[in-house]
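Undergrad:
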Amino acid sequence: MRLFLFLISIIFAVSCGGRAPAEVTITVPGDEMKFDKDELRVKADTHVILTLINQSTLPTMKHNVLIYDLQGEPRAKALDRVGELAFKAGEASQYIPQVPGLIAHTPLADPGQTVKIEFDAPPPGEYLFMCTFQPAHYKTMNGRFIVEK
Ligand SMILES: [Cu+2]
């Protein structure tokens, strides 16, 4: 029996690339420009399943989650820069700027809508997550996306 379990675990490990998927959920609990979390954590070498639950009710409260590699830029500066690029990208591109450092993003979630995306975790380190809906959601809707070894 032990050998059997051992073999099963080896097969599981090989077929899944080592680790089980990392599921993270982030919620906008109301009509404020606010996420329920300012930090998301996953392990390296995982497939990430990220769910965004938008519980806002106002039509102007669409939200998304964009994950961005700071590439050494100070956080506050990157937030403003990417936020402004998102504004320029405009509604037609769902406020997603095509910038180097963009790791993943959800589509815009309408009020009451839940959206889900999957992507592979970037290398260990600290990244930025933010809502890029306009005007200026990023100023209060942002946090750290941390990939642990
Ligand atoms: Cu938002």
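Numbered by my numbering, the letters in the sequence shown go through residues 1120 to 1268 in order. Backbone N, C-alpha and C fix where the C-beta goes; we use that ideal spot for every residue, glycine too.
Have a look at the DSSP bridge pairing and note the partners of A1141.
TA: V1167, per the DSSP bridge assignment.
Undergrad: Run the proximity test for H1256: is its beta-carbon closer than 7 Å to any non-hydrogen atom belonging to ligand 1?
TA: Answer for H1256: yes, Cβ within range of ligand 1.
Undergrad: Under 8 Å by Cβ, that's how I've got L1221 and Y1187 pegged, so tell me the actual separation to the nearest angstrom.
TA: Between Y1187 and L1221 the Cβ distance is about 6 Å, and since that is below 8 Å, they are a contact.
Undergrad: Note down the Cα distance separating T1144 from M1152, rounded to an integer number of angstroms.
TA: Those two C-alpha atoms are separated by around 17 Å.
Undergrad: Within 10 angstroms of the Cβ of T1259, are there 16 or more other Cβ atoms? Answer buried if so, exposed if not.
TA: Per the 10 Å Cβ criterion, exposed.
Undergrad: Is it buried or exposed, I1127, if we count other Cβ atoms within 10 angstroms and call 16 or more buried?
TA: For I1127, the predicted model reports a pLDDT of 47, less than 50, meaning its position is unreliable; a value from the coordinates is still stated below. When all chains shown are included, I1127 counts as exposed.
Undergrad: In chain order, what are the residue ranges of uninterrupted beta strand (DSSP E) at least 3 long that sit wholly in the stretch 1221 to 1267?
TA: Whole beta strand (DSSP E) segments, 3+ residues: 1221 to 1224, 1233 to 1239, 1244 to 1249, 1261 to 1267.
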